[in-house]
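Using the working numbering, you'd call the opening residue of the sequence shown number 82 and step up by one each time. Have a look at the structure below before the remarks.
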Amino acid sequence: MSAQHLYVHVPFCARRCTYCDFSIAVRARVPLNEYLQALAREIARVGPVGSPATVYLGGGTPSRLGGPGVAALVRLLTLRGPVAEFTLEANPEDLTPDAARVWADVGVTRASIGAQSFDDRVLGWMHRSHDAAAIGAAVRSARAGGIRDVSLDLIFALPAALQRDLARDLERAIGCEPDHLSLYGLTVEPGTALARQVERGEWISAPDGRYEDEYLRTHEALRRAGYRFYEVSNAAREGREAIHNRAYWRLNPYLGLGPSAHSFDGVSRWWNEPAYARWVRRLERGESPVAGREIPSDAQRRLELLYLGLRTADGIAVPEPCPAELEASMRRWAAAGWAEIVDMSRGAPDRLADGVGAGPSTGSVVPGPARGTAGGRRLCLTATGWLRLDELVASI
Ligand code: SF4
């Protein structure tokens, strides 16, 4: 299967962060040959990946493959043509000038750097493998190596007892002049080290009020610095929005390779065996690595489109004539400050993103073209609306 959007999961991490429940393989040394052999077997099963518009190496920590490891992985993909956006997730300590040069040479255009905080005490609490100084150095290395776009991940809503200074962290992050920032509220996932610490009473999770306060403060700080939230967790400078993730939000087809990777062909969805060792073994035995498959029902697709559309700044196209119940909900949300009803016949406001492709239509609401679309109305959530995203989607 060739696809417009390709994801490759690289599961290795040097150690597990306190809050992390991702599908990873903790390894002191990356078993590069074993991983690449298994990946080659998977590619042989699915066929050539063709010429995707976007490639995303996610993890885990893909940067742990180093310069030569990423170059070898890219050779396996035998991409036929240039990739418009090629993202590599990197931890700061791996992003050296040499590695950045090699990655840029093999086509990487975007480094998504796991910064999380600029406070060494907080980074230690998270069990991160880097200190604050490494973040600035990584950004400089990425730029010097020729990587066009830099994104920083930051976490907010940490336990109050940590006394994390969010304003200072945001200032430091903005000072690095990234093109893009991804913001994640800390959640306590079952089975993590953090969950055990919370159970023992060592930490108390941030209450909802703190989560909301920090989310809104982050919006304001980034807006003042020239970033626009184009999605509930993602902010970018004009024209630097990530293309790859938009494909997920619009239910465009994508191909996933590697342990735990998900794929979607426009009709059905499937996902790989999540455990690294089992994914390798299945491929060694000549078996499929696919662990599950589903065909979403029309009702599921409609709900997903609604949810995915509303999590973006472009929102959803309002069906006309609009059902009375939806009209009443929209007006209630607008009055509460949770949403805006944008009349596109008056021209799309700047808050809507450019270059939005039409989403697949499965019913009454669709994500779809924003700027440049004549007529019609769009329903777009505000920052305070995004804080209630699940509740609002469930109510219509
Ligand atoms: S670096 Fe990322 S994937 Fe690895 S343990 Fe930490 S949070 Fe999880």
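Backbone N, C-alpha and C define an ideal beta-carbon position, used for all residues, glycine too.
For F237, the CB stays at least 7 Å from every heavy atom of ligand 1. For V189 and P178, the gap between their C-alpha atoms comes out near 14 Å. Look at D200 here: in three-state DSSP terms it is coil, with no helix or strand label. In this structure, L364 keeps its C-beta atom at 8 Å or more from the C-beta atom of R161.
For W284, there is no enclosing beta strand (DSSP E), as DSSP marks it with neither H nor E.
In this chain, A95 is not harboured by any alpha helix (DSSP H), its DSSP state being neither H nor E. Ranked by Cα distance from L233, the options M207, P340 and S198 are led by S198.
Taken in chain order, the whole alpha helix (DSSP H) runs of length 4 or more contained in the stretch 245 to 305 are 247 to 256, 274 to 280 and 289 to 305. For L470, the uninterrupted alpha helix (DSSP H) segment begins and ends at L470 to A475.
In the DSSP secondary-structure assignment, T135 is bridged to H86 and E166.
A distance below 8 Å between beta-carbons, with the five flanking residues on each side excluded, links R202 to the following residues of its chain, in chain order: L243. When distances are taken from the beta-carbon of I105 to the heavy atoms of ligand 1, the shortest one is below 7 Å. Contact between I228 and A192 holds, since their C-beta atoms are separated by about 5 Å, short of 8 Å. Spatial neighbours of F345 in its own chain (CB-CB distance under 6 Å, excluding positions within 5 residues in sequence) are listed in chain order as P334 and Y335. Within the stretch 346 to 372, the complete beta strand (DSSP E) segments at least 3 residues long are 350 to 353, listed from N- to C-terminus. DSSP places G337 inside the beta strand (DSSP E), whose first and last residues are L336 to L338. Take the alpha-carbon of A84 and the one of A342: they are about 14 Å apart. Under DSSP, E312 forms a beta bridge with N315 and T393. Ranked by Cα distance from A420, the first of R382, G373, V474 and D379 is V474. Partner residues in the beta bridge of F237, as assigned by DSSP, are G266. Assignment of beta-bridge partners to D175 by DSSP yields no partner. Per DSSP, the unbroken alpha helix (DSSP H) holding R126 starts and ends at L113 to V127. In this structure G205 is exposed. Its beta-carbon is surrounded by fewer than 16 other beta-carbon atoms within 10 angstroms. For D379, DSSP assigns no beta-bridge partner whatsoever.
For the 8 Å CB-CB criterion, G266 and F237 form a contact.
In this structure, T142 has its CB closer than 7 Å to one or more heavy atoms of ligand 1.
In chain order, P173 and A196 place their CB closer than 6 Å to the CB of I216, counting only its own chain and leaving out the 5 sequence neighbours on each side. A Cβ-Cβ separation of about 5 Å places L264 in contact with L235 under the 8 Å criterion. Taking 8 Å as the cut-off, the Cβ atoms of A213 and D230 do not count as close. Shortest Cα-Cα distance from T159 to any of V136, V130 and A416 involves V130.
Annotated as proximal: I194 and V220, with beta-carbon spacing under 8 Å. Judged by their CB atoms, E170 and G128 are not nearer to each other than the 8 Å cut-off.
Between ligand 1 and the CB of R97, the shortest heavy atom gap is smaller than 7 Å.
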